[in-house]
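S.K.: Just so you know, the UniProt record's numbering puts 360 at position 360 of the sequence shown, and the rest follows in order with no gaps.
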Amino acid sequence: MEHLIVHKSGQLKQTVNFSEESLEFFDRRSTISWRHTFFDHYEEASVILDFSGRVLSINPAFGKMFDCTQKELLGKPLIFPFRNLQQEFYKMVQSVLNGEKIVYQQLLRRRKNEDQMFPAKLTISPVFSSEEDIKGILVIIKDQTEIDEYKTLIELQNETLETEENMLLDITKHIDELIILFDLEKNKIIYTSPAFERKLDLNLVDLYNKPSLLRKRFDIEKPKQLLHFFKCTNSGHRTLEFKATDLRKNKLRWFLFEITPILEMDGTVKRHISILRDITELKEKNNQIKQLDQLGAIGQMAAGIAHEIKNPLTTIKGFVQLLSEQAKSEYSDIILSELERIEFIMGEILLLAKPQTNISFKKENLNKIILEVMSFMHPEATIHDVVLNRNLAPIPAVSCEAKQIKQVLINIIKNAIEAMPHGGNIRIKTYYSEGFIRMNIIDTGKGISKERLQRLREPFYTDKEKGTGLGLMICYKLIEDHHGTLHFTSEEGKGTCVHIKLPVAT
Numbered sequence: 001m002e003h004l005i006v007h008k009s010g011q012l013k014q015t016v017n018f019s020e021e022s023l024e025f026f027d028r029r030s031t032i033s034w035r036h037t038f039f040d041h042y043e044e045a046s047v048i049l050d051f052s053g054r055v056l057s058i059n060p061a062f063g064k065m066f067d068c069t070q071k072e073l074l075g076k077p078l079i080f081p082f083r084n085l086q087q088e089f090y091k092m093v094q095s096v097l098n099g100e101k102i103v104y105q106q107l108l109r110r111r112k113n114e115d116q117m118f119p120a121k122l123t124i125s126p127v128f129s130s131e132e133d134i135k136g137i138l139v140i141i142k143d144q145t146e147i148d149e150y151k152t153l154i155e156l157q158n159e160t161l162e163t164e165e166n167m168l169l170d171i172t173k174h175i176d177e178l179i180i181l182f183d184l185e186k187n188k189i190i191y192t193s194p195a196f197e198r199k200l201d202l203n204l205v206d207l208y209n210k211p212s213l214l215r216k217r218f219d220i221e222k223p224k225q226l227l228h229f230f231k232c233t234n235s236g237h238r239t240l241e242f243k244a245t246d247l248r249k250n251k252l253r254w255f256l257f258e259i260t261p262i263l264e265m266d267g268t269v270k271r272h273i274s275i276l277r278d279i280t281e282l283k284e285k286n287n288q289i290k291q292l293d294q295l296g297a298i299g300q301m302a303a304g305i306a307h308e309i310k311n312p313l314t315t316i317k318g319f320v321q322l323l324s325e326q327a328k329s330e331y332s333d334i335i336l337s338e339l340e341r342i343e344f345i346m347g348e349i350l351l352l353a354k355p356q357t358n359i360s361f362k363k364e365n366l367n368k369i370i371l372e373v374m375s376f377m378h379p380e381a382t383i384h385d386v387v388l389n390r391n392l393a394p395i396p397a398v399s400c401e402a403k404q405i406k407q408v409l410i411n412i413i414k415n416a417i418e419a420m421p422h423g424g425n426i427r428i429k430t431y432y433s434e435g436f437i438r439m440n441i442i443d444t445g446k447g448i449s450k451e452r453l454q455r456l457r458e459p460f461y462t463d464k465e466k467g468t469g470l471g472l473m474i475c476y477k478l479i480e481d482h483h484g485t486l487h488f489t490s491e492e493g494k495g496t497c498v499h500i501k502l503p504v505a506t
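#1: In the DSSP assignment, find the unbroken beta strand (DSSP E) run with V504 in it and report its ends.
#2: Have a look at K231, I259, D219 and E258 and flag the residue whose alpha-carbon is nearest the alpha-carbon of L252.
#3: Please report the Cβ distance between V269 and I262, rounded to the nearest whole angstrom; I am assuming they are in contact, meaning their Cβ atoms lie under 8 Å.
#4: Flag this pair as yes or no: are the beta carbons of T382 and G445 separated by less than 8 Å?
#5: Check for me: the beta strand (DSSP E) holding Q105 runs from which residue to which?
#6: When the Cα atoms are used, what is the spatial distance from H237 to E264?
#7: Taking P421 as part of the beta strand (DSSP E), name the residues at either end of that continuous run.
#8: Taking the Cβ atom as the reference point for each residue, do R110 and P77 lie within a distance shorter than 8 Å?
#9: Quick one: grab the DSSP three-state call for L486.
#10: Helix, strand or coil for H237 per DSSP?
#11: If you draw a straight line from the alpha carbon of V398 to that of I413, how long is it in whole angstroms?
#12: Given I417, which residues of its chain have a CB within under 7 Å of its CB, disregarding the five upstream and five downstream residues?
#13: With distances taken between CB atoms, is the gap from T123 to V103 smaller than 8 Å?
#14: Please list the terminal residues of the continuous alpha helix (DSSP H) segment that includes H228.
#15: Count the other CB atoms within 10 Å of the CB of D201; is the residue buried (16 or more) or exposed (fewer)?
#16: Does the Cβ-Cβ distance between C400 and F361 come in under 8 Å?
#17: Output the distance between the C-alpha atoms of L392 and K501, rounded to the nearest integer angstrom.
#18: By how many angstroms is the C-alpha of T239 removed from the C-alpha of L371?
#19: Would G136 and L74 be called neighbours here (beta carbons separated by less than 8 Å)?
#20: Taking 8 Å as the threshold, find out whether the region 242-249 comes into contact with the region 210-224 through three or more Cβ pairs.
#21: Can you tell me the Cα-Cα spacing of V408 and Y208, whole angstroms?
#22: I need the DSSP call for Y208, collapsed to helix, strand or coil.
#23: By Cβ distance below 6 Å, which residues in the same chain neighbour K121 in space, the five residues on each side in sequence not counted?
#24: Please name the residue, chosen from M117, F257, C232 and N203, that lies closest to E177 on a Cα-to-Cα basis.
#25: Assuming A505 contacts P421 under a Cβ cut-off of 8 Å, what Cβ separation, rounded to an integer in Å, is found between them?
#26: What residue range is occupied by the uninterrupted alpha helix (DSSP H) comprising R217?
#27: Any idea if S9 is buried or exposed, counting beta-carbon neighbours within 10 angstroms, 16 or more meaning buried?
#28: With DSSP run on the structure shown, which of helix, strand or coil describes L388?
#29: Using a Cβ-Cβ cutoff of less than 6 Å, which residues in the same chain neighbour I448 once the five nearest sequence positions on both sides are dropped?
#30: Determine the DSSP secondary structure at G495, reduced to helix, strand or coil.
#31: Let me know the secondary structure DSSP gives R198 once reduced to three states.
#32: What did DSSP end up calling D176 once you bin it into helix, strand or coil?
#33: What residues in its chain sit with their C-beta under 8 Å from that of H378, if we drop five residues either side in the sequence?
#34: Going by other Cβ atoms of all chains shown within 10 Å of its Cβ, with 16 needed for buried, is M65 buried or exposed?
#35: Using the beta-carbon count (16 or more within 10 Å), is residue 507 buried or exposed?
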C-alpha cells in the first residue's frame, strides 16, 4: 500500500509502501523508538497511526481506556472511538499531515459498549523521524469525565455562592444596621449597605468616593480614637461605643461600632466588616430607667419627709394667719408666702412620688387645649414682651387628661418666657405623623448648652435662683404617663425647641 511521506514544511518528500511485515519493523526497530519508555508510561491514552488511520502502536493507558491490546489493534484501522465522526476525524488527519497540531473536545465511544459515550480532549499531532519527515500521527486522548464533573460541581458551587451572596445582599438592603466592607491596604470602602441612605440620608456613590462625608455630617466626640479603632489591623473582634452630634438635625446620637476582621491565609488582616448601629433610643431609654430609679428612690424618701412636714406645716400656717389677724406685721405676709411655697414644693414631690392610678383619660382635641393655654399665658407673655404664635394643623384626637397636658404646656411656656428676658417669640406647631400627634414649642431665647441638655432629666437640677429642678421632671413624667415622649433640641444663642409626641386616640 502506497502512502505519502510529507516533510513538516509541507513539501512532498517520497512515497512509501507499507506491508504487514513492515508494520512490525516500523513499530519495533525504528530509530524514532515509538515504544520508548516515555510513551509506554505516559498516563494519558495515546495511539500512533499511519496515514490511513491504521494502528502502529498504542500505550498501556490506551489499552486500559478502551479494553484492548496492542496485538488486537496492530495494523487495523482505528474505528470504534470515532464512529460518530469518521469524516471529521480524517479531515483533521489531513491537516496534521500538513504539519498542524489540533486540540479539540469531542464525545467518544467505548469499544465494547458503543452506546456509552464519554467526553474527551483529543490532541492530534504529527510524528517526525530523525530526518524531520512525518512518519505517523500521534493521537492523545484525555478522559474529561471527571473534569466535566468538577466543572459541573464548581458551576453549582458558584451558583450556590451567587445565590447566597444575593440573599445576603437582599438582607443587607432591608436591615437598619449600617454595614461597611473596608479594604485596609487600599484605604477604601468596598461596600456599604443601603441603610446609609435610609438612616443617615447619605448618597452611597458619594460615600464610596468620599468617606470623609461622614465627618462632615457628624461632629464626633473623639475622632482620633474612632479612626484608630476603625483602621486597626488587630485580628480580634472588637466593639466601641461613641457619640456624635448630627449636624443637620443638631441632635446628639449614640452609635455602637462592631468590627469583624477577615483573615487571610497567612493570618493577616487586609479587610474587615463593620456594623454600625444607632443606639440613641436604647441609650435614652437606659438613661430614663436610671433617672426613674433615681427619682423613685428620691421620691420615696422625699414623700416620707413631705408627709412628716405637711401636718406641722398646716399648723404653723394656721397660727401665722391668726397672729396676722390679731397683730398686723410686715413679716406675716412674707412668712405666709414662704409657707405656701413649701406647700407647693411638697405637692410637686408627692406628685412625682405617687403613681397616677386614678387618672381619667378622655379623647381631647390637642389644638383646643393649646389655644386655652395660650389665652391663659397671654398676659404674662405680654408683660415680658414675648409674642405667642401658633401653626396648628388639623389633627386627630388624643387620649389624655387635659389638666395634666395644660400643666406641661404652662411649665414649658414659662421656661421659654424666662429664657427671653428682653422679649422674643414663641411658636407652637402641631401636625400628624405615623400614628402620633407631634407638637413643637419653639422659642428665640438664649438656648441651652450641650452639657445642660444632657442633665435636664436629673432630679432637682436647675440653674434658676428660685427653681426646684422638679418642673421639667414633672413634665417628663406626665408625658410618659400618656405613653408619649418629650425631648429638647437647642443651639446656644439661637433658641430651643421642645418636641412632644403623643399617640392618636384609638
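Where is the CB? At the ideal position from N, CA and C, for every residue including glycine.
M.R.: In short, the structure shows the following:
#1: As a working mapping, residue 504 is identified with position 504 in the sequence shown. Taken as a continuous stretch (DSSP letters only), V504 belongs to no beta strand (DSSP E), as it is neither H nor E.
#2: The residue labelled residue 252 in the question sits at position 252 within the sequence shown. Per the Cα distances, D219.
#3: By 1-based counting over the sequence shown, the position of residue 269 is 269. By 1-based counting over the sequence shown, the position of residue 262 is 262. Correct: roughly 7 Å between the Cβ atoms.
#4: Against the sequence shown, residue 382 aligns to sequence position 382. Against the sequence shown, residue 445 aligns to sequence position 445. Going by C-beta atoms, T382 is not nearer than 8 Å to G445.
#5: Sequence index remark: in the sequence shown, residue 105 carries index 105 (1-based). Element bounds for Q105: I102 to R109.
#6: Along the sequence shown, read from residue 1 onward, the residue named residue 237 stands at position 237. Along the sequence shown, read from residue 1 onward, the residue named residue 264 stands at position 264. Cα to Cα, H237 sits roughly 15 Å from E264.
#7: As a first step, residue 421 must be located in the sequence shown, where it is residue number 421. Element bounds for P421: n/a, residue is neither H nor E.
#8: Position 110 of the sequence shown holds residue 110. Position 77 of the sequence shown holds residue 77. Against a cut-off of 8 Å, the Cβ pair of P77 and R110 comes out as no contact.
#9: Taking the sequence shown and counting its residues from 1, one reaches residue 486 at position 486. L486: strand per DSSP, three-state reduction.
#10: Within the sequence shown, the letter at position 237 stands for residue 237. Coil at H237, not helix or strand.
#11: Residue 398 sits at position 398 when you count from the first residue of the sequence shown. Residue 413 sits at position 413 when you count from the first residue of the sequence shown. A direct Cα-to-Cα measurement between V398 and I413 gives close to 21 Å.
#12: Here the question's residue 417 lines up with position 417 in the sequence shown. Contacts found: E380, A381, H384 and V386.
#13: Against the sequence shown, residue 123 aligns to sequence position 123. Against the sequence shown, residue 103 aligns to sequence position 103. Contact flag set, yes.
#14: Locating residue 228 in the sequence shown gives position 228, counting from the first residue. In this chain, the alpha helix (DSSP H) harbouring H228 covers P223 to K231.
#15: Numbered from 1 along the sequence shown, position 201 holds the residue referred to as residue 201. D201 is exposed by the Cβ-count criterion.
#16: For the purposes of this step, residue 400 is taken as the residue at position 400 of the sequence shown. For the purposes of this step, residue 361 is taken as the residue at position 361 of the sequence shown. Their beta carbons are under 8 Å apart, which means C400 touches F361 by this criterion.
#17: Taking the sequence shown and counting its residues from 1, one reaches residue 392 at position 392. Taking the sequence shown and counting its residues from 1, one reaches residue 501 at position 501. Approximately 15 Å between the Cα atoms of the pair.
#18: Sequence index remark: in the sequence shown, residue 371 carries index 371 (1-based). Sequence index remark: in the sequence shown, residue 239 carries index 239 (1-based). One C-alpha to the other measures close to 50 Å.
#19: Stepping through the sequence shown from its first residue, residue 136 is reached at position 136. Stepping through the sequence shown from its first residue, residue 74 is reached at position 74. Cβ atoms of G136 and L74: not closer than 8 Å.
#20: yes
#21: Residue numbering aside, residue 408 sits at position 408 when the sequence shown is read from its first letter. Residue numbering aside, residue 208 sits at position 208 when the sequence shown is read from its first letter. Their Cα atoms are separated by approximately 46 Å.
#22: Counting from one through the sequence shown, the residue named residue 208 turns up at place 208. DSSP places Y208 in helix when its eight states are reduced to three.
#23: For the purposes of this step, residue 121 is taken as residue 121 along the sequence shown, with counting starting at 1. Hits under 6 Å: Q105, K142 and Q144.
#24: In the sequence shown, the residue the question calls residue 177 occupies position 177. Measuring from the Cα of E177, the nearest candidate turns out to be F257.
#25: By 1-based counting over the sequence shown, the position of residue 505 is 505. By 1-based counting over the sequence shown, the position of residue 421 is 421. Their Cβ separation, rounded to whole angstroms, is 39 Å, which puts A505 and P421 out of contact at 8 Å.
#26: As a first step, residue 217 must be located in the sequence shown, where it is residue number 217. First-last of the alpha helix (DSSP H) with R217: L213 to R217.
#27: Counting from one through the sequence shown, the residue named residue 9 turns up at place 9. Only weak support is given to the placement of S9: the predicted model assigns it a pLDDT of 45, under 50, and the question is left unresolved by the model.
#28: In the sequence shown, the residue the question calls residue 388 occupies position 388. Strand at L388.
#29: Residue 448 sits at position 448 when you count from the first residue of the sequence shown. Closer than 6 Å at the Cβ level, and outside the excluded window around I448, lie S490 and T496.
#30: Working through the sequence shown from its first residue, we reach residue 495 at position 495. In the three-state reduction of the DSSP assignment, G495 falls in the strand class.
#31: One-based indexing of the sequence shown puts residue 198 at position 198. Three-state result, R198: helix.
#32: In the sequence shown, counting from the first residue as 1, residue 176 sits at position 176. In this structure, D176 counts as coil in the three-state DSSP scheme.
#33: By one-based count along the sequence shown, residue 378 stands at place 378. L388, listed in sequence order.
#34: The count along the sequence shown starts at 1 and reaches residue 65 at position 65. Buried.
#35: The structure shown does not extend to residue 507, since the chain is modelled only from 1 through 506, so no value can be given for it.
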